[in-house]
Amino acid sequence: MPDSQQIPDGSSTARPRVLHTPRSRALLSESWAQAEEAKRREWAGSDPQLTYEAYAAGEPCRACGRALLGEAAMGTDEERLALIDADNAEFRAEHAACNMGVWRLENNRVEHCHLCCPFPPLSPAQRDELRQLLYPPSLRIDRSTTWRVHLTCQHVETLAGHSPRYVEPTVQCTECAVIRGVVKAVRTDGQTDDSDDGSDIERLQPDYQQLTDEQWSWIKHIVHSAEGPRRGRPRTDIRTIVDAALYKTRTGITWRELPAEFGSWQTASRRHRELIASSQWDEITRTLAERNLP
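Just remember that our numbering sits 10 ahead of the position in the sequence shown, which is counted from 1.
Below, the structure written as structure tokens:
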């Protein structure tokens, strides 16, 4: 799908960047964010987060009092591990209602709650390394960037001063006064960035890009060979159908959640079934896999 379209006077206008995430995933992100916000309110006035110096000195978790660096159980290795495992089982039972599981550090069997226990702090060197990994130039803040985000509650918010290519999965809804998941974000400042690869449809955490012209050239003979003349309404472009099916597979959405940019989800679903029945879909996915399409 091109990232610009012609208008009558012959000039072109850039299409806005549109990010999508499945509603089910948006609701899950929303529930986690709301639980974390409730825990932050509970902690108001007392900071359970250790400083790096306190953590390095061996101070236990301030939320649960359990060890972070050392393991308190003594005795033989077998006895020590049995005691720690029993203590972990009791801890899990106490935090079953948190519904967010447990974590533990490498080389330490003592478990902590994902909701109740803050992760230990990073060292200064680790913070610098992580900053470089998580915030490459394409994700850094641009104060001129504006997004219109559609939330699970069906309200719409406007965000200014964000990354030109990424939006956080949850946003505080001013109408509901609670955190909501983002199901769609549309960039509205009219700008595109030079690193844009031509795809205007992505997840909020992008891991799927539409097929490039080169990738389409690998597989178009598979579907075009079966295309023949037909009467009635023109069929949806087969390349759009293939892109829609790949998008659904990669993002885990249902057909009903298919972004409108792909056209009718019913049409996409029906024609995908036709491709499967004719074994063309197997040939498409096998060809793409052999070409090491990520």
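Positions of the beta carbon are idealized from the N, C-alpha and C atoms, including for glycine.
{"Item": "Contiguous alpha helix (DSSP H) assignments of at least 4 residues, all confined to the segment 219-278", "Value": "223-234, 248-261"}
{"Item": "Given 8 Å, three or more beta-carbon pairs between the segment 292-303 and the segment 270-284", "Value": "no"}
{"Item": "Buried versus exposed, by CB contacts within 10 Å (16 or more), Leu38", "Value": "exposed"}
{"Item": "Residue burial classification, Asp223 (beta-carbon count within 10 angstroms, cutoff 16)", "Value": "exposed"}
{"Item": "Per DSSP, cross-strand counterpart(s) of Cys183", "Value": "Val188"}
{"Item": "Straight-line Cα distance separating Arg190 from Gln220", "Value": "28 Å"}
{"Item": "Classification of Asp253 by the beta-carbon crowding that lies within 10 angstroms, buried from 16 upward", "Value": "buried"}
{"Item": "Neighbourhood of Lys194 by C-beta, 6 Å cutoff - its chain only, sequence neighbours within 5 removed", "Value": "His30, His160"}
{"Item": "The segment 107-114 / the segment 54-74 touching (three or more Cβ pairs under 8 Å)", "Value": "no"}
{"Item": "Any non-hydrogen atom of the ligand NAD closer than 7 Å to Ile286 Cβ", "Value": "Among the components of this structure there are no ligands whatsoever, and the ligand NAD is therefore not found."}
{"Item": "Euclidean distance between Cα positions of Ser227 and Pro128", "Value": "50 Å"}
{"Item": "Reference Glu167; option with closest CA among Thr198, Ile232, Arg72", "Value": "Thr198"}
{"Item": "DSSP state of Arg197 mapped onto helix, strand, coil", "Value": "strand"}
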